[in-house]
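Residue numbers (the working numbering): 14 to 234.
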């Protein structure tokens with residue numbers, strides 16, 4: 014009976030999970046914007062969209078953005094049909110064509126975000142799909158978050174072991190869980206306003222880098 018009790022004590026395991034979080038200012042942003050036009054013919058729609066897209070490209074480059082940081086992200090050309098009325102036997106017919114050209118602009122200078130949006134707007138752009146902030150290198154932030162998570166797990170284990178009047182003997186296993194970086198939500202209208210509007214204010218805020226660890230400790234008397 015004593016041998017069984019000793020074995021049970023040796024096999025006693027305490028499992029805890031710790032969470033760590035670090036907040037950092039982003040150092041990179043990606044702006045997705047472009048132009049949509051609807052015209053009677055596909056050629057008219059596509060040509061106008063291409064012309065505006067080129068003007069947007071030139072305006073953004075004039076702000077100091079390198080051409081290799083500008084990428085076409087979406088090109089579309091689709092027919093626009095009449096709406097079939099209830100009870101009507103007639104087939105929908107093409108009444109126009111809608112073309113769109115969206116680009117992604119990567120910015121290392123966050124002060125240019127609002128200027129890029131304004132430049133696109135003044136060049137004829139009318140679509141803004143959003144702004145995404147990020148860290149070019151998040152390794153140090155993730156390492157710091159992991160350290161905080163381990164500390165939190167160790168503090169939990171200490172509190173539990175003291176409450177149970179047992180000792181922590183050794184670490185058996187450590188498992189790390191990846192947590193996506195939380196990005197502050199930037200809300201923008203789907204369509205850009207007229208060129209006379211005030212400059213677009215953009216606040217990058219802070220990114221939250223998180224980590225979780227699960228640690229198994231051997232405990233005993």
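Positions of the beta carbon are idealized from the N, C-alpha and C atoms, including for glycine.
State yes or no: is the C-beta of residue i within less than 7 Å of the C-beta of residue j?
i	j	result
residue 55	residue 94	no
residue 59	residue 88	no
residue 33	residue 158	yes
residue 48	residue 122	no
residue 37	residue 220	yes
residue 42	residue 144	yes
residue 46	residue 137	no
residue 40	residue 149	yes
residue 29	residue 170	yes
residue 92	residue 78	no
residue 222	residue 35	yes
Mark residue i as exposed unless 16 or more other C-beta atoms lie within 10 angstroms of its C-beta, in which case mark it buried.
i	result
residue 131	buried
residue 217	buried
residue 224	buried
residue 228	buried
Take residue i as the anchor and find which of the options has the nearest alpha-carbon.
i	options	result
residue 27	214, 172 and 221	172
residue 120	188, 44, 62 and 175	44
residue 163	187, 141, 183 and 178	187
residue 31	178, 190 and 78	190
residue 80	118, 161 and 92	118
residue 168	107, 226 and 61	226
residue 215	124, 92 and 185	124
residue 67	35, 160 and 134	134
Taking 8 Å as the limit between beta carbons, can you name the residues of its chain near residue i, skipping five residues before and five after?
i	result
residue 180	174, 232, 233 and 234
residue 105	94, 95, 96 and 97
residue 65	48, 50, 114, 136, 137 and 138
residue 182	230, 231, 232 and 233
Leaving aside the five residues before and after residue i along the sequence, list all residues of the same chain whose C-beta is less than 6 Å from its C-beta, in chain order.
i	result
residue 128	76
residue 62	48, 50, 112 and 114
residue 161	33
Please go through the same chain and pick out, in chain order, the residues whose beta-carbon is closer than 7 Å to the beta-carbon of residue i, but skip the five residues on each side of it.
i	result
residue 213	127, 130 and 131
residue 83	70, 73, 116 and 118
residue 52	58, 61, 109 and 110
residue 142	45, 46 and 115
residue 207	With a pLDDT of only 45 at residue 207, under 50, the local geometry of the prediction cannot be trusted, and no value is derived from it.
residue 86	45, 115, 116 and 117
Taking only runs of the alpha helix (DSSP H) that begin and end inside the region 131-177, which ones reach a length of at least 4 residues, in chain order?
Runs of the alpha helix (DSSP H) lying entirely within the region 131-177 and spanning at least 4 residues, in chain order: 152-177.
If we require 4 or more residues per run, which alpha helix (DSSP H) segments fall completely within the region 32-83?
Listed in chain order, they are 55-75.
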